[in-house]
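Engineer: Before anything else, here's the structure in question.
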Amino acid sequence: MLLSNKVCVITGAASQRGIGRATARLFALHGGRAIILDLDGGQAAEAAAELGEAHRGIACDVTDKAACVNAAARVVEEFGRIDVLVNNAGITQPLKFMDIEPKNYEAVTDVSLRGTLYMSQAVVPHMRAQKSGSIVCISSVSAQRGGGIFGGPHYSAAKAGVLGLAKAMARELGPDNVRVNSVTPGLIQTDITGGKLTPELRADILKGIPLNRLGDAEDVARSCLFLASELSSYVTGATLDVNGGMLIH
Ligand code: NDP
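The opening position of the sequence shown corresponds to residue 357 in the working numbering, with each subsequent residue numbered one higher.
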């Protein structure tokens with residue numbers, strides 16, 4: 357049990373086949389209390405109930421600062437602390453550079469980048485007060501190689517922004533024993549690809565992956581567990597690639 361009694365907040369974690377949901381499941385298996393945040397409070401509550409009585413689901417749009425602060429306050433009111441935050445909520449859009457309209461830019465950067473800022477700002481005062489905490493930010497291989505497969509340039513920019521933000525947070529929050537790290541997943545089989553992964557495209561993508569398979573949400577969840585737990589006690593400001601070798605650098 358790597359997270360016994362740790363209170364773990366995971367954003368965007370209601371999606372059935374998503375990375376956040378798999379992370380919540382794994383954290384619960386390791387003794388953690390999973391607090392599932394998502395846009396739809398009903399779905400978040402259902403996802404939490406599936407894990408058992410110790411877990412909670414709360415409606416929270418991470419682009420809304422007040423909603424983030426309220427969600428963190430509710431968690432602290434009920435459980436007394438917040439040990440782990442996984443900034444997982446994210447959306448993507450497969451647009452070409454010249455097709456990105458202001459609304460596209462705002463939608464994509466708001467959830468990943470602004471959401472990571474707001475939710476982290478909501479939990480950090482509590483982590484600072486308890487002099488411990490681990491924040492895991494889900495970026496993407498898209499940030500590192502200028503495009504994954506499905507995300508447009510605005511998605512790459514948002515996820516690259518997450519990497520910079522996480523490193524700066526790690527520097528500033530280290531003295532309070534709050535660690536901040538990022539995970540950069542490659543192509544993971546969730547619903548974010550919106551059914552656009554055809555068998556031909558899949559075969560083509562596999563040629564560039566040394567481990568010769570696409571990733572599963574659980575592959576990313578296991579890396580989140582490492583970064584959330586004391587297994588990574590001296591790791592902060594790091595970026596952990598979870599991409600099957602799709603990008604080796
Ligand atoms: P999913 O779409 O399955 O999960 C994303 C979740 O975030 C959904 O539940 C979604 O809710 C929720 N969400 C969207 N907007 C908000 C918001 N404003 N506030 C709170 N929650 C929100 O996708 P994945 O599991 O694939 O993605 C998880 C993370 O991993 C994302 O940050 C993504 O960019 C990143 N990633 C994914 C990769 C992949 O190949 N799958 C590769 C690299 C990174 P709803 O369904 O209601 O919109």
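Quick reminder that beta carbons are idealized off the backbone N, C-alpha and C, glycines included. Note that the structure is a prediction, hence the values are computed from the model and not measured.
With residue 379 as the anchor, note down where its alpha helix (DSSP H) starts and where it stops.
Structural biologist: That run of the alpha helix (DSSP H) goes 375-385.
Engineer: Could you tell me which residues DSSP puts in a beta bridge with residue 493?
Structural biologist: According to DSSP, residue 493 bridges with 443, 538.
Engineer: Just confirm the distance between the C-beta atoms of residue 474 and residue 418, as a whole number of angstroms; I'd bet it's less than 8 Å.
Structural biologist: Their Cβ separation, rounded to whole angstroms, is 6 Å, which keeps residue 474 and residue 418 in contact under 8 Å.
Engineer: Rounded to whole angstroms, what is the Cα-Cα separation between residue 501 and residue 524?
Structural biologist: So the two alpha carbons sit approximately 21 Å from each other.
Engineer: Helix, strand or coil for residue 470 per DSSP?
Structural biologist: Helix at residue 470.
Engineer: Residue 394 bridges to which residues according to DSSP?
Structural biologist: BP columns for residue 394 point to 415.
Engineer: Looking at residue 594 and residue 537, is the spacing between their C-beta atoms short of 8 Å?
Structural biologist: Yes, the pair counts as a contact, with Cβ atoms nearer than the cut-off.
Engineer: Would DSSP call residue 571 helix, strand or coil?
Structural biologist: Residue 571 falls in the strand class under three-state DSSP.
Engineer: Between which two residues does the beta strand (DSSP E) containing residue 596 stretch?
Structural biologist: 595-598 is the span of the beta strand (DSSP E), which, as asked, contains residue 596.
Engineer: Just the Cα atoms here: how many angstroms apart are residue 410 and residue 560?
Structural biologist: Residue 410 and residue 560: Cα-Cα distance of roughly 43 Å.
Engineer: With a CB to CB cut of under 6 Å and the five nearest residues on each side skipped, what residues in its chain are close to residue 399?
Structural biologist: Once the five neighbours on either side are set aside, the close Cβ partners of residue 399 are 370.
Engineer: Name, in chain order, the residues that DSSP records as bridge partners for residue 544.
Structural biologist: In DSSP, residue 544 forms a bridge with 571.
Engineer: Report yes if the C-beta distance between residue 428 and residue 386 is below 8 Å; otherwise report no.
Structural biologist: No, the Cβ-Cβ distance between residue 428 and residue 386 is not below 8 Å.
Engineer: Using the rule of at least 16 other Cβ atoms within 10 Å of the residue's Cβ for burial, across every protein chain shown, is residue 554 buried or exposed?
Structural biologist: Exposed, because fewer than 16 other Cβ atoms sit within 10 Å of the Cβ of residue 554.
Engineer: Need the endpoints of the beta strand (DSSP E) that residue 363 sits in, please.
Structural biologist: Here the beta strand (DSSP E) through residue 363 covers 363-367.
Engineer: Tell me whether the beta-carbon of residue 498 lies closer than 8 Å to the beta-carbon of residue 507.
Structural biologist: For residue 498 and residue 507, yes; Cβs fall inside 8 Å.
Engineer: Per DSSP, residue 389 is paired with what?
Structural biologist: Note: residue 389 sits in a beta bridge opposite 363.
Engineer: Which residues bound the alpha helix (DSSP H) around residue 370?
Structural biologist: Run containing residue 370: none; DSSP gives neither H nor E here.
Engineer: Please confirm whether any heavy atom of ligand 1 lies closer than 7 Å to the CB of residue 441.
Structural biologist: Flag unset: Cβ of residue 441 not near ligand 1.
Engineer: Return helix, strand or coil for residue 456, following the three-state DSSP convention.
Structural biologist: Three-state DSSP puts residue 456 in coil, outside helix and strand.
Engineer: Given 7 Å as the limit, tell me if residue 541 has its C-beta closer than that to any heavy atom belonging to ligand 2.
Structural biologist: Absence of ligand 2 is noted for the structure shown, with ligand 1 being the only ligands found.
Engineer: For residue 439, count neighbouring C-beta atoms within 10 Å of its own C-beta (all shown protein chains included) and say buried if the count is 16 or more, exposed if not.
Structural biologist: Flag for residue 439 reads buried.
Engineer: Looking only at C-alpha atoms, which of 373, 421, 504 sits nearest to residue 466?
Structural biologist: It is 421 whose Cα lies nearest to the Cα of residue 466.
Engineer: Note down the Cα distance separating residue 547 from residue 433, rounded to an integer number of angstroms.
Structural biologist: About 33 Å.
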